[in-house]
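These notes are about the structure you will find just below.
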Amino acid sequence: MSEILVLVEQVDGEVKKVTLELLTLAKSLGEPSAVWAGPGLSDAAAAKLAEYGADKVYNAAAQEVVDYVVAPKAELLAQLVADKSPAAVLVAATAEGKEVAGRLAVKTDSGVITDAVGVGEGFVADQSIFGGGVNVRSKVAKGTPIIAVRPNSTPPAPNAGAGAVEEVAVALSEAAKAARVVERVKQEKGARPELAEAAIVVSGGRGVGSAENFSVIEGLADALGAAVGASRAATDAGWYPHQFQVGQTGKTVSPQLYIAAGISGAIQHRAGMQTAKTIVAINKDPEAPIFELADYGVVGDLHQVVPQLTEEIDKRK
């Protein structure tokens, strides 16, 4: 089977869930090789990558790989593409991952597909485009397929690979050093999962009514072990921070379960969540567009429905 490169997403040496998803996807298509960019590869991290299918782990441990913004990772992958001739390169469809993919496509004279929600035989990718209005299947027609896959598109499944670590040296061009990282500020992490990677997301919209009322949404999220999201109307009103906005101008999520409470379902919001596996809508307007998309719908006042739902979930714990 052909080798497939997977760019590792990690924080402080801890492998992020999306990387395990990409390795699982790559394992179904070929022989995954994880690419670790920068220092910090521990025995535990290498073992985790091997557990989810990595046959090789290319370790580019030089500090300068992470001292500059994005470009060094693209040059590292371009070097590996030239040396190893992989069948494809998979990256996470995060803001950084998509920029890496674009730069890599230019360097390798290859086609690139972003925001894929699935990849099948022959590296044919499933995408949701035009604000979620059209579902298409795409295939790279030139060079090495470079595909950015949305988090939560593939359930991670252990499938052990050899996990052989191979040290890689990369010579960065002067162009890759044009923008240096001068400071990193670690954001305090709460008890809830990260929005883009959460398996369950509970979002509130205009129907929540106020910032104080978002405690109802947070209560349900905590009962489910979920992340909290918000519509643009809610964030623009100042009811919830903008970094939790789901939609075309916010974050794109693909959880196993998405609960939309008090969200009408404008196309801009749907573009950010409609690839969720199961969608539950709670809205007092039976004509709300969100019901066209929902797998399950509850017509009612969220301030009555959501607390009852939270109470029932708590009873079953």
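For the sequence shown, the working numbering begins at -16 and goes up steadily by one.
We put the CB at the ideal spot given by N, CA and C, even for glycine.
- Message: What would DSSP say about aspartate 268, mapped onto helix, strand or coil?
- Response: coil
- If we ignore side chains and look at the alpha-carbon of each, how far apart do methionine 256 and alanine 182 end up? 12 angstroms
- Message: Contact defined as beta carbons within less than 8 angstroms: I believe serine 16 pairs with aspartate -5. What is the distance between those atoms, to the nearest angstrom?
- Response: With a Cβ gap of about 23 angstroms, serine 16 and aspartate -5 do not count as contacting.
- Message: Within the continuous beta strand (DSSP E) that includes arginine 163, where are the two ends?
- Response: No beta strand (DSSP E) contains arginine 163, which DSSP labels as neither H nor E.
- Query: Who are the Cβ neighbours of glycine 36 in its own chain at under 6 angstroms, not counting the five residues just before and after it?
  - Reply: Leu6, Lys10, Pro15, Asn142, Gly144
- Task: Determine which residues share a DSSP beta bridge with serine 111 and list them.
- Result: Asn118
- Identify which residue in Leu292, Pro55, Gly126, Ala174 has its Cα closest to the Cα of serine 156. Pro55
- Beta carbon of valine 185, beta carbon of alanine 244: below 8 angstroms? yes
- Message: Do proline 269 and serine 317 count as a contact pair if the criterion is CB distance below 8 angstroms?
- Response: Beyond the ends of the chain as shown, which are -16 and 300, falls residue 317; an answer cannot be given.
- Query: Can the beta-carbon of aspartate 92 be found closer than 8 angstroms to that of glutamine 110?
  - Reply: no
- Message: My assumption, with CB atoms under 8 angstroms, is that lysine 67 sits in contact with glycine 94. Please give the rounded CB distance.
- Response: Not really, about 18 angstroms apart at Cβ, beyond 8 angstroms.
- Message: So the candidates are Ile265, Leu(-12), Phe106; which of them puts its Cα closest to the Cα of tyrosine 41?
- Response: Leu(-12)
- Candidates Gly192, Asp219, Gly105: closest to histidine 286 by CA position: Gly192
- Message: Taking 6 angstroms as the limit between beta carbons, can you name the residues of its chain near valine 48, skipping five residues before and five after?
- Response: Ala20, Gly21, Pro55
- Task: Tell me whether glutamate -3 sits in a helix, a strand or coil according to DSSP, three-state version.
- Result: strand
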